[in-house]
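Student: Taken in sequence, the protein lines are chains A and B.
Oh and the first sequence: position 299 is 299 in our numbering, straight run, nothing missing.
Residues are numbered in our numbering as their position in the second sequence, beginning at 1, plus a constant of 1000.
Glycine included, C-beta positions come from ideal geometry on N, C-alpha and C.
Note that the structure is a prediction, hence the values are computed from the model and not measured.
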Amino acid sequence: MSGAASDLIRRGAPQGCRPFERYLLTQSAFAGLRDALAQEPTLALLSLWAEPSAIHAVFLDEGAERPALLLASCLASDQKYPALSPVRPGAVRFERAIRDLWGLSAEGGVDLRPWLDHGRWPVQAPLSAKPSRDPVPPLQPEFLPIEGEGWHQIPVGPVHAGVIEPGHFRFTVQGETVVRLEQLLGYTHKGTLSLMVGKSPRAAARFAARLSGDTTVAHALAFALAAETATGTQPPPRAVLLRATMLELERIANHLNDWGFICNDAAFAYPHARCGELREGVLRANAAAFGHRLMMDVVIPGGLSVDLAPGGEAPILAALAAAESEIAPLTTIYETHASLQDRVVGTGILKPDLAARFAAGGHVGRASGRGFDARCALPHAPYDAMTFATPVLTEGDVDARVRVRIAEVKESIRIVRALLAALEPGEVHQPLPQKGGEGIAVVEGFRGEIVTWMALDDGGIIRAVFPRDPSWLQWPLLEAAIEGNIVADFPLCNKSFNCSYSGVDL
Amino acid sequence: MLWPRLGKRLFGRPVTDAAPAPPDAVVQALAERLEATARARLGRSLAIREVDAGSCNGCELEVNAMAGVLYDMERFGLRIVASPRHADVLLVTGPVTRNMREALERTRACTPEPCWIVAAGDCAVDGGVFKGSYGVDSGVASVLPVDLVIPGCPPTPLALLEGLLSLLEAQDAPKPRATPAA
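1. Of all the options LEU354(A), PRO391(A), LEU242(A) and LEU330(A), which has the alpha carbon lying nearest to the alpha carbon of GLY382(A)?
2. Which residues bound the alpha helix (DSSP H) around LYS435(A)?
3. Going by C-alpha distance, which of ALA374(A), ALA400(A), ALA64(A) and PHE388(A) is nearest TYR509(A)?
4. In the DSSP assignment, find the unbroken alpha helix (DSSP H) run with LEU378(A) in it and report its ends.
5. Can you grab the Cα-Cα spacing for the pair PRO470(A) / ARG11(A), in whole Å?
6. For the alpha helix (DSSP H) that CYS74(A) lies in, which residues bound it at each end?
7. So, helix, strand or coil for ALA57(A), using DSSP?
8. Let me know the secondary structure DSSP gives ARG251(A) once reduced to three states.
9. Should GLY1007(B) be flagged as near chain A, meaning a C-beta pair shorter than 9 angstroms?
10. How about LYS190(A): is its C-beta nearer than 9 angstroms to some C-beta of chain B?
11. Spatial neighbours of GLY369(A) within its chain, please: CB distance less than 8 angstroms, with the 5 preceding and 5 following residues excluded, ordered by chain position.
12. Distance cutoff 9 angstroms, beta carbons only. Does ARG293(A) sit that close to anything in chain B?
13. Once the 5 residues before and after ALA13(A) are set aside, which same chain residues still bring their CB inside 7 angstroms of it?
14. In whole angstroms, what separates the C-alpha of ALA209(A) from that of GLY191(A)?
15. Using beta carbons (cut-off 9 angstroms, strictly below), is ALA1067(B) in contact with chain A?
16. Taking the alpha-carbon positions, what's the GLU169(A) to GLU182(A) distance?
17. Measuring only the C-alpha atoms, how far is ASP489(A) from PRO52(A)?
18. Taking 9 angstroms as the CB-CB limit, is ASP1126(B) close to chain A?
19. State the DSSP-derived secondary structure class of ILE415(A), mapped to helix, strand or coil.
20. For a test of the three-state rule: what should DSSP assign to VAL123(A), helix, strand or coil?
21. Reducing DSSP to helix, strand and coil, say where LYS537(A) ends up.
22. With 9 angstroms as the C-beta to C-beta threshold (strictly closer), list the residues of the segment 1095-1106 of chain B near chain A in chain order.
23. Using DSSP with H/G/I as helix, E/B as strand and the rest coil, what is GLY369(A)?
24. What does the alpha-carbon distance come out to for the pair VAL442(A) and LEU101(A)?
25. Identify whether SER79(A) lies in helix, strand or coil by the three-state DSSP scheme.
26. So, does the CB of THR336(A) fall closer than 9 angstroms to a CB anywhere in chain B?
27. Roughly how many whole angstroms lie between the Cα atoms of SER412(A) and CYS275(A)?
28. Below 9 angstroms between beta carbons: does that hold for GLY484(A) and VAL178(A)?
29. Taking only three categories from DSSP, how would you classify VAL1136(B)?
30. Name, please, each residue of chain B whose Cβ falls closer than 9 angstroms to the Cβ of THR216(A).
31. Between which two residues does the alpha helix (DSSP H) harbouring GLN183(A) extend?
32. Compare the C-beta of PHE1076(B) with all C-beta atoms of chain A and state if any pair is closer than 9 angstroms.
33. Between LYS80(A) and ALA57(A), is the Cβ-Cβ spacing less than 9 angstroms?
34. Measuring only between beta-carbons, confirm whether GLN1171(B) sits less than 9 angstroms from chain A.
35. According to DSSP, is VAL1146(B) part of a helix, a strand, or is it coil?
36. Suppose only complete runs of 4+ residues qualify. What are the alpha helix (DSSP H) ranges in the segment 22-53 of chain A, listed by chain order?
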């Protein structure tokens, strides 16, 4: 692959990250990246984070025949680094978070307002080399100014009316129509990164498992793969197959849940009740097979903490058979009720060019023409030896996101059956050696790709880590998708995205 | 087609699970916390407002499952409401992040008396794995007086239901305290 920006990055000094190299650029070279990226639109920004004195970015070359990641870093001098947000809009929230957590400012950034730091922490820049205890908290962001006539605002949250995570949504409305939505997140910020640094991967895995409870398996797996790649560890084959089994079970349970909830948000209760029952069947099978309904703490660096319970395949296969037999009749009901279709078709349209500009992953991207699926594009074992279909639609509305999810559930059921059939007896854990290294892993969770980077010191202790949830690049697109829709359709749009709060608040 | 399926369900056996029995000791302890006037006001039902004070959303998944058809909390008179102003119970999850503390306090201030405060999940109990981070307080009890604790990471829907049912039992007319077996 080649292009102005990727060539520029590759001229940097290799730092030994596996399996994709990270290049250290000088600050002036990194500043040149801005113009180069403008010339190379196929180089998508996936992640941006910091260490106390350096900034790291992950890019994906979408134009290449064989997709690959490319990592670029530069040292921050005077607590500053050249911003990427002028050419990659997805960088905005990362840059805001980096300033709050590491105290590094993006020079030339398009939005420098605080993001995670609401002025409530006992320290400022908690992840920087010298966290400050300045008694004056940072000036809190003002919502973007509104022009025009006849508008009013609806503040929603952080405590929401439903049983969901906390966050603030500021709607500006003209009549019934939303003319702007601005999100303010950070309410679930738990300081998770600070708790992970300085621990062994085994000890920090429980934080990875609690970044976002609904996608606990995917986050734990991305974390484990990054640690294994960094230390050159091969998990046993049985663990590899069981991890993928759990990843697909998690996808099935979440997609069923969201499908039901989307219908419920249009006050159509039947699919909600049925999907809830089918999902519960999967969760109970998880508990029977792996000892935990959400399979939390089962995936650990080196393999699994527990093996599949004896006879654990049976409840899984039974739950999948129940779900499979219900998908077709439920789809018919979903399709043949005008009152429901009227709410989902043409609602919350995310245009393909915008999805591409933000490199939106998961069902959000795939319902808007961006077919990226990490299981196919950047496969880890066992997906490298499997073939399966990735559904892609271009309508970009709530309905398209539902349809992509239904298609994914069907594929995942097939994948789980194949994985369980291939299962051989054996060990499920290979302890990590205590050594240094740097690794990056990409795992396709139910929301999209999770990108976790980790650097271990010589004693095998985490020096720095950054788990990037797919919601980082999806949340801003929800602001765009709701524009021009009525307020009452926001729950449908929101649930069809179903972004994680905890996953991005860290 | 929807209607034939609904009809079939109408005459079939319900899919709902059997009700769990809350432990007597917990019910007794809760009953002692409740004044007679509050007991009369609450009756045999509870309106519940869930407040996520910074959870990982695992607890929310299980609270939603409890509202689904298999656990069907509404059959007991347990109902999730949209506003704290309508609530008898604040069901709080998460370690209480510093960014959520004020929102939790203001939610409590909006809730009419009498109000049960339930801390659900290991984080809500004492901060859980996040205890000691600059970003969190140490559980709900560090902000509000807690009446009932439901541990678990996350607590199962059955554990949540058992906890909420013990609140309902405690609201029943006080029973004579059982004499310990000789």
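Tutor: Taking the structure as given:
1. This sequence places Pro at residue 382(A); Gly is not what is there. If we check each option's Cα against that of PRO382(A), LEU242(A) comes out closest.
2. That residue, LYS435(A), is in no alpha helix (DSSP H); it is neither H nor E in DSSP.
3. Beyond the ends of chain A as shown, which are 1 and 506, falls residue 509(A); an answer cannot be given.
4. Note, LEU378(A): premise wrong, no alpha helix (DSSP H); not H, not E.
5. 29 angstroms
6. Per DSSP, CYS74(A) belongs to no alpha helix (DSSP H); it is in the beta strand (DSSP E), 69-75.
7. strand
8. helix
9. no
10. yes
11. PRO352, ALA355, ALA356, VAL392, LEU393, THR394 and GLY396
12. yes
13. TYR23 and LEU24
14. 14 angstroms
15. yes
16. The residue you asked about is not Glu; residue 169(A) is Phe in the sequence shown. For PHE169(A) and GLU182(A), the distance between alpha carbons rounds to 6 angstroms.
17. 42 angstroms
18. no
19. helix
20. coil
21. As shown, chain A starts at 1 and ends at 506. That puts residue 537(A) outside it, with no answer to give.
22. PRO1095, THR1097, ARG1098, ASN1099, MET1100, ARG1101, GLU1102, ALA1103, LEU1104 and ARG1106
23. coil
24. 23 angstroms
25. Correcting the residue identity first, residue 79(A) is Gln in this sequence and not Ser. Coil, per DSSP.
26. yes
27. 16 angstroms
28. yes
29. strand
30. CYS1056 and GLY1058
31. Segment 177-184 is the beta strand (DSSP E) holding GLN183(A); no alpha helix (DSSP H) there.
32. no
33. no
34. no
35. coil
36. 27-39
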